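Peer 1:
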Amino acid sequence: MSVKAWVSKLRIFLRETRRNRQILKSPKYQKSRIEAEIIRNVHSIEKGLSLAAPRLGFGVAKIKELFTLCETYLALKPETLECLCFARDALAAYLDFHAAKNYVDENISAIKIAYEKLASTLPRSENAEIFGGNETLAVSDMVFDAEQVERLFNTRHSIREFSGESVSDEDLEKAIKLAQRCPSACNRQGVRIYSISGKTLVADMGKALEGIGGFANDVDKFLLVTGKKSAYRADEKNQFIVSAAIFCAYLSLTLHTFKIASCIIQRPLRPNNSWDKICDKYKIPRDEQLVALIGVGRYKK
Numbered sequence: 398m399s400v401k402a403w404v405s406k407l408r409i410f411l412r413e414t415r416r417n418r419q420i421l422k423s424p425k426y427q428k429s430r431i432e433a434e435i436i437r438n439v440h441s442i443e444k445g446l447s448l449a450a451p452r453l454g455f456g457v458a459k460i461k462e463l464f465t466l467c468e469t470y471l472a473l474k475p476e477t478l479e480c481l482c483f484a485r486d487a488l489a490a491y492l493d494f495h496a497a498k499n500y501v502d503e504n505i506s507a508i509k510i511a512y513e514k515l516a517s518t519l520p521r522s523e524n525a526e527i528f529g530g531n532e533t534l535a536v537s538d539m540v541f542d543a544e545q546v547e548r549l550f551n552t553r554h555s556i557r558e559f560s561g562e563s564v565s566d567e568d569l570e571k572a573i574k575l576a577q578r579c580p581s582a583c584n585r586q587g588v589r590i591y592s593i594s595g596k597t598l599v600a601d602m603g604k605a606l607e608g609i610g611g612f613a614n615d616v617d618k619f620l621l622v623t624g625k626k627s628a629y630r631a632d633e634k635n636q637f638i639v640s641a642a643i644f645c646a647y648l649s650l651t652l653h654t655f656k657i658a659s660c661i662i663q664r665p666l667r668p669n670n671s672w673d674k675i676c677d678k679y680k681i682p683r684d685e686q687l688v689a690l691i692g693v694g695r696y697k698k
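Convert by adding 397 to the 1-based position in the sequence shown; the result is the number in our numbering.
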């Protein structure tokens, strides 16, 4: 390896290390980190409840940690309390499980008191959405036409020629919402997606889009799929890539379901000047890293 190439690799490594350290430590991303930890702990409760015969009184340490995280999060005066609704509803299911077993000890009593305090800050109407807890499925709920599903998979291809007809935001949202049913690490859902006009992004990225096969100018919209690195711990350094990649796989099928042609385009997985400029222009938080572009348009007949 030449000295120039070695210096270039070292510069990239140092830049990424500095960015990762900031994401893990900076107060700027504290709210995002706490949100992810709340959902991670909620997921631990739900995993316990999903077992056929969970140990009575399980998960006390995790639940105590969860209450501390919720208090810290509330002190930050967040704009949305959705992650706290996850905690509230999972804890309600936890307490209901133990009540059904007529099991009470000092830990369960303390959890109930702390839960009631949390629930009082998050009032819920009778028909409101349930954010966490248990869901029971029967085999009879899983009735679908296997031949149609096979046809969906077998007719999905990466498309690089489009009809020129625009893809509506409504259809894109339907496909994205369905793809969000994909699994993610501890249900943290650390994936974000941005829709940008094809011609606009080509103009903004310029040479950074070179080498994708010469079809960029025909794309109606580009979907930028990012991984939210602040959703993961230091020992999960590359988990943002895994969760975003799973989402992309689901999205490629849900786009096809709504007759939207698409092509997943790989991108550099490390921060660079080109990505920083896109973040600045479109107000994408710097704790997010681009994992893939998806070019979309309508199918030709």
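Backbone N, C-alpha and C define an ideal beta-carbon position, used for all residues, glycine too. All values derive from a computational prediction rather than experimental measurement.
Buried or exposed: where does residue 418 fall if 16 or more other Cβ atoms within 10 Å of its Cβ makes it buried?
Peer 2: exposed
Peer 1: How close, in whole Å, do the beta carbons of residue 701 and residue 657 come, if the pair is a contact with beta carbons under 8 Å?
Peer 2: Nothing can be reported for residue 701, as the shown portion of the chain is limited to 398 through 698.
Peer 1: What three-state label does DSSP hand residue 591 in the structure shown?
Peer 2: strand
Peer 1: For my contact list, residue 489 and residue 530 are in at a C-beta cut-off of 8 Å; report their separation, rounded to the angstrom.
Peer 2: 6 Å
Peer 1: Hey, residue 575 and residue 621: beta-carbon distance below 9 Å or not?
Peer 2: no
Peer 1: Does the stretch 491 to 505 come within contact of the stretch 538 to 545, defined as at least 3 CB pairs closer than 8 Å?
Peer 2: no
Peer 1: How many whole angstroms separate the CB atoms of residue 553 and residue 649, which I take to be in contact at a CB cut-off of 8 Å?
Peer 2: Indeed they touch by this definition, with Cβ atoms about 6 Å apart.
Peer 1: Taking residue 579 as part of the alpha helix (DSSP H), name the residues at either end of that continuous run.
Peer 2: Where residue 579 is concerned, there is no enclosing alpha helix (DSSP H), given that its DSSP letter is neither H nor E.
Peer 1: Between which two residues does the beta strand (DSSP E) harbouring residue 688 extend?
Peer 2: 685 to 695
Peer 1: How long is the line joining the alpha carbons of residue 520 and residue 481, rounded to whole angstroms?
Peer 2: 11 Å
Peer 1: If I measure Cβ to Cβ from residue 599 and keep anything under 7 Å in the same chain, skipping five residues before and after, which residues do I get?
Peer 2: 606, 613 and 614
Peer 1: Please state the DSSP three-state secondary structure of residue 658.
Peer 2: Three-state result, residue 658: strand.
Peer 1: List the whole-angstrom C-beta distance separating residue 556 from residue 696, where the pair is believed to meet the contact cut-off of C-beta under 8 Å.
Peer 2: 7 Å
Peer 1: Excluding the 5 residues flanking residue 460 on each side, which residues of the same chain have their C-beta closer than 6 Å to its C-beta?
Peer 2: Once the five neighbours on either side are set aside, the close Cβ partners of residue 460 are 508.
Peer 1: The alpha helix (DSSP H) spanning residue 457 covers which residue range?
Peer 2: 457 to 472
Peer 1: Tell whether a beta-carbon distance below 9 Å holds between residue 420 and residue 674.
Peer 2: no
Peer 1: Just list the alpha helix (DSSP H) runs in the stretch 605 to 659, keeping only unbroken ones of 4 residues or longer that don't cross its boundaries, in chain order.
Peer 2: 636 to 654
Peer 1: What is the rounded straight-line gap between the Cα of residue 496 and the Cα of residue 439?
Peer 2: Near 19 Å, if we compare the C-alpha coordinates of residue 439 and residue 496.
Peer 1: Determine the DSSP secondary structure at residue 555, reduced to helix, strand or coil.
Peer 2: Three-state DSSP puts residue 555 in a strand.
Peer 1: Cutting at 8 Å between CB atoms, please list the residues of its own chain near residue 454, excluding the five before and the five after it.
Peer 2: 495, 500, 502, 504 and 505
Peer 1: So residue 437 and residue 583 are in contact, right, with Cβ under 8 Å, and what is the actual spacing, rounded?
Peer 2: Sure, about 4 Å apart at Cβ, within 8 Å.
Peer 1: What alpha helix (DSSP H) runs, 4 residues minimum, are completely inside the stretch 497 to 544?
Peer 2: 503 to 517
Peer 1: Taking the continuous alpha helix (DSSP H) assigned at residue 742, which residues delimit it?
Peer 2: As displayed, the chain neither begins before 398 nor continues past 698, which places residue 742 out of reach and without an answer.
Peer 1: Check this for me: beta carbons of residue 463 and residue 427, under 9 Å apart or not?
Peer 2: no
Peer 1: Is the distance from the Cβ of residue 595 to the Cβ of residue 617 below 9 Å?
Peer 2: yes
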